[in-house]
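Below is one structure; the comments refer to it alone.
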Amino acid sequence: MRKQDKKTDNQLRAVLTEVCDFALDTCEGFQWLTHVVNYANFPGSLKIVCVFETNEQLANFTASAAQAQLNALIQARLNAMGLQLKSITRHVIYDSEENCKQQHQGNWAKRLS
Numbered sequence: 001m002r003k004q005d006k007k008t009d010n011q012l013r014a015v016l017t018e019v020c021d022f023a024l025d026t027c028e029g030f031q032w033l034t035h036v037v038n039y040a041n042f043p044g045s046l047k048i049v050c051v052f053e054t055n056e057q058l059a060n061f062t063a064s065a066a067q068a069q070l071n072a073l074i075q076a077r078l079n080a081m082g083l084q085l086k087s088i089t090r091h092v093i094y095d096s097e098e099n100c101k102q103q104h105q106g107n108w109a110k111r112l113s
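Its first residue numbered 1, the sequence shown is counted upward by one per residue in full-length UniProt numbering.
What follows is the structure in structure tokens.
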């Protein structure tokens, strides 16, 4: 990883930590989030994964206005760090612990690869 990539990754982690703290306080069932990126194709390869405990909680979240609000917050925080994305919905994925357990035996590294 190049020095500039490391700096960008640190900025991303700081921004996403703020988003995570907000989501933990406001989104029922939200557990954590992470990001996956290939800096050779940045920012196009950026994927932000928001994880809920159960599929039911995830469905309730995506059926409400909360998903649009969280997407808008992520977009605003990324914009503030100078990262402009055309469509935030192409970069944010919602998933659940339940799905990972069923499909990848709880192995998030395998699921995210």
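Beta carbons are placed, not taken as given, at the ideal position from N, Cα and C, and that holds for glycine.
| Asked | Found |
| --- | --- |
| Nearest-angstrom Cα distance between H35 and C50? | 9 angstroms |
| Give me the residue from A68, Q31, N79, L16 with the minimum Cα distance to D95. | Q31 |
| Using the C-alpha atoms, what's the distance from L33 back to Q4? | 23 angstroms |
| Given a cut-off of 9 angstroms, decide if N99 and N55 are closer than it, judged by their beta-carbon atoms. | yes |
| Whole angstroms are fine: how far does the CA of L83 sit from the CA of Q103? | 33 angstroms |
| I need the straight-line Cα distance from T62 to A109, nearest angstrom please. | 24 angstroms |
| Can V37 and I74 be called in contact, C-beta distance under 9 angstroms? | no |
| Suppose you measure from the CA of Q67 to the CA of M1; what does that come to, to the nearest Å? | 32 angstroms |
| Quick check on L33: does DSSP put it in helix, strand or coil? | strand |
| Measuring only the C-alpha atoms, how far is M81 from Q11? | 7 angstroms |
| Given that a residue counts as buried once 16 or more other Cβ atoms are within 10 Å of its Cβ, and exposed if not, what is L78? | buried |
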